[in-house]
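Quick note: the sequence shown uses the working numbering, first residue 69, plus one each step. Single-structure report; data block below.
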Amino acid sequence: MKTQKDYIKELKSYLWENQLSINDYQIERLAHFADLLVKKNQEVNLISRKDEENIIENHIFISALVTEFLPTNANSFLDIGTGGGIPGIPLAITRPMMKGV
């Protein structure tokens, strides 16, 4: 099982490759969320077990990438049926001034 440090390293790599700018605090929060999600997934099926190994690429990074396409003046987002908190929680971490409903 990967550690939070592994998630941070992987996330920084994807962000760098795609020229996305997210601060270190947000990266740590996203990695922490990934860690919690994988651990909780052992008890409750929140994501596919096959996706656990690729949670950063398949879920966290993709959710963070969405923020690049949101208008800078957007002040809220609607997340219907978020399930395991994706994309709502990563969106809230990367755009903390937006209100999620």
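Quick reminder that beta carbons are idealized off the backbone N, C-alpha and C, glycines included. As the structure is a computational prediction, the values presented were derived from the model and not from experiment.
{"Check": "Can you tell me where the alpha helix (DSSP H) holding Leu79 begins and where it ends?", "Outcome": "Gln72 to Glu85"}
{"Check": "How about Gly168 and Ile115: are their beta carbons less than 9 Å apart?", "Outcome": "no"}
{"Check": "For a quick check, are the C-beta atoms of Asp119 and Thr71 less than 9 Å apart?", "Outcome": "no"}
{"Check": "Closer than 6 Å by C-beta to Ile161: which residues in its own chain qualify, once you throw out the five before and the five after it? Chain order, please.", "Outcome": "Gln94, Arg97 and Leu98"}
{"Check": "Per DSSP, Ser144 is paired with what?", "Outcome": "Lys167"}
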